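Student: Numbering-wise, our numbering comes out as the position in the sequence shown, counting from 1, plus 2. Where a beta carbon is used, it is the ideal one built from N, C-alpha and C, also for glycine. Owing to the predicted nature of the structure, the values given are computational and were not obtained by experimental measurement.
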Amino acid sequence: MRFRVFPIALAAAAVFSSQAAGDPPSLTGTPIVLTSGWSVYSFALNDSGTVVFAGGGWGGADGLVKVRPNSFLKFASRGDPVPGVPGSLFTGFASGRFGNFSLNNRDEVAFAAFYAACGDPAEIDACSRTHQQYSGLFHYSDGVIRAIALDGEPVPGSEGQIFHFFEQVRLNNTGMILFRGQFGSAERPGVEMLKSALFLWSDGRFSRVSPEDVIVSTEGQGLIAFTDEG
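#1: So F185 and S204 are in contact, right, with Cβ under 8 Å, and what is the actual spacing, rounded?
#2: Tell me whether G145 is buried or exposed, calling it buried when 16 or more other Cβ atoms sit within 10 Å of its Cβ.
#3: Could you give the C-beta distance for M165 and Q135, rounded to a whole number, given that I count them as a contact under 8 Å?
#4: Measuring only the C-alpha atoms, how far is G57 from L105?
#5: What separation, rounded to the nearest whole angstrom, lies between the Cα atoms of G81 and H133?
#6: In chain order, what residues of the same chain have a beta carbon less than 6 Å from the beta carbon of F295, not counting five sequence neighbours either side?
#7: DSSP three-state call for T132: helix, strand or coil?
#8: Going along the chain, which residues of its own chain have a beta-carbon closer than 6 Å to the beta-carbon of S209, five neighbours each way excluded?
#9: Take Q170 as the anchor and find which of G206, E194, I179 has the nearest alpha-carbon.
#10: State buried or exposed for A63, treating a residue as buried only when at least 16 other CB atoms are found within 10 Å of its CB.
#11: Could you check the C-alpha separation between I147 and A78 for me, to the nearest Å?
#12: Between which residues of its own chain and P85 is the CB-CB distance below 6 Å, once the five residues before and five after are set aside?
#13: Would you list the residues sitting across from Y142 in a DSSP beta bridge?
#14: Distance, Cα to Cα, V111 vs R182?
#15: Do you know offhand how far E155's Cα is from A114's?
#16: Can you list, in chain order, the residues of its chain whose CB lies under 8 Å from that of V211, leaving out five sequence neighbours each side?
#17: Measuring CA to CA, which of L152, Q163, R172 is closest to S187?
#18: Hey, could you find the ends of the beta strand (DSSP E) V54 is sitting in?
#19: The beta strand (DSSP E) that contains L200, what's its start and end?
What follows is the structure, given as structure tokens:
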């Protein structure tokens with residue numbers, strides 16, 4: 003199986019118009035969401051018009067929001083319990099140039115997030131400054147978030163190696179998740195330089211993806227298309 007990875011289309015509803023010949027074009031558009039002091043760090047748009055964005059204050063993204071016509075849902079937030087990790091709370095959400103969340107046409111979201119062993123959401127700021135931060139890969143669908151891979155879990159196909167970070171997350175319309183995982187030695191954490199590789203999660207199973215199986219394309223507007231090329 004080959005993997006054709008298309009660029010994510012990040013777009014706003016915008017119309018260019020010119021009042022008279024020779025005038026520079028003007029840009030008009032309809033705001034999708036307006037915030038007051040809450041920055042939008044990155045966003046994704048699917049074919050049905052759903053928008054998901056990562057927003058937060060000066061310290062980085064502290065929430066993920068899904069926006070549809072007449073609907074605004076913050077489905078993951080700093081201080082929320084972490085599924086699969088009892089006694090832990092989300093501390094932040096990866097966003098920006100690493101492409102750490104992805105939206106498919108079923109309004110499902112795969113995302114990377116940070117968490118810590120904190121018990122009281124009211125104390126999340128103090129706790130996150132004094133406790134070790136961990137990273138995880140998660141999947142959101144129909145109001146439910148579940149953990150896909152967590153910091154410290156074994157890396158498939160790499161004996162003695164454990165996951166540490168997750169980035170370049172891509173989710174296709176069948177629920178498969180492609181991501182770049184950073185990992186290192188389970189016996190010497192923090193000593194050896196981290197390695198990275200592409201992994202595919204599908205139906206509860208992980209497999210390692212060879213770089214030659216990934217084709218970068220500028221055709222179309224998808225998240226991930228799986229083809230039988232080659």
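Tutor: Checking against the coordinates, here is how it stands:
#1: As a first step, residue 185 must be located in the sequence shown, where it is residue number 183. As a first step, residue 204 must be located in the sequence shown, where it is residue number 202. About 19 Å separates the Cβ atoms of F185 and S204, ruling out a contact at the 8 Å cut-off.
#2: Taking the first residue of the sequence shown as position 1, residue 145 is located at position 143. Answer is exposed; the Cβ neighbour count stays below 16.
#3: One-based indexing of the sequence shown puts residue 165 at position 163. One-based indexing of the sequence shown puts residue 135 at position 133. Before going on, a small fix: residue 165 reads as Phe here, not Met. Approximately 14 Å separates the beta-carbon atoms of F165 and Q135; this is outside 8 Å, ruling out the contact.
#4: Counting from one through the sequence shown, the residue named residue 57 turns up at place 55. Counting from one through the sequence shown, the residue named residue 105 turns up at place 103. Going from the Cα of G57 to the Cα of L105 covers about 15 Å.
#5: Within the sequence shown, numbered from 1, the residue matching residue 81 stands at position 79. Within the sequence shown, numbered from 1, the residue matching residue 133 stands at position 131. Rounded to whole angstroms, G81 and H133 show a C-alpha spacing of 14 Å.
#6: With the chain represented from 3 up to 232, any question about residue 295 goes unanswered, as that position is not in the structure.
#7: One-based indexing of the sequence shown puts residue 132 at position 130. The DSSP-derived three-state label of T132 is helix.
#8: Taking the sequence shown and counting its residues from 1, the one referred to as residue 209 is at position 207. The residues are L202.
#9: Within the sequence shown, the letter at position 168 stands for residue 170. The residue with the shortest Cα to Cα distance from Q170 is I179.
#10: For the purposes of this step, residue 63 is taken as residue 61 along the sequence shown, with counting starting at 1. A63 should be labelled buried.
#11: Counting from 1 along the sequence shown, the entry for residue 147 is found at position 145. Counting from 1 along the sequence shown, the entry for residue 78 is found at position 76. Cα atoms of I147 and A78: separation of roughly 8 Å, rounded to the nearest angstrom.
#12: Here residue 85 refers to the residue found at position 83 when the sequence shown is read from its first residue. If we look at P85 and ignore the five residues flanking it on each side, its Cβ neighbours are I147, R148, A149.
#13: Mapped onto the sequence shown, residue 142 falls at position 140. Answer by DSSP bridge pairing, in chain order: V111, I147.
#14: In the sequence shown, the residue the question calls residue 111 occupies position 109. In the sequence shown, the residue the question calls residue 182 occupies position 180. So the alpha carbons of these two residues sit roughly 16 Å apart.
#15: On the sequence shown, position 153 is the one that residue 155 refers to. On the sequence shown, position 112 is the one that residue 114 refers to. Going by the C-alpha atoms only, they are around 15 Å apart.
#16: Here the question's residue 211 lines up with position 209 in the sequence shown. Spatial neighbours of V211 in its own chain (CB-CB distance under 8 Å, excluding positions within 5 residues in sequence) are listed in chain order as F5, L180, A199, L200, F201, L202.
#17: As a first step, residue 187 must be located in the sequence shown, where it is residue number 185. Cα-wise, what sits closest to S187 is Q163.
#18: One-based indexing of the sequence shown puts residue 54 at position 52. It spans 53-59 - the beta strand (DSSP E) in which V54 sits, taken as one unbroken run.
#19: Sequence index remark: in the sequence shown, residue 200 carries index 198 (1-based). For L200, the enclosing beta strand (DSSP E) has its first and last residue at 197-204.
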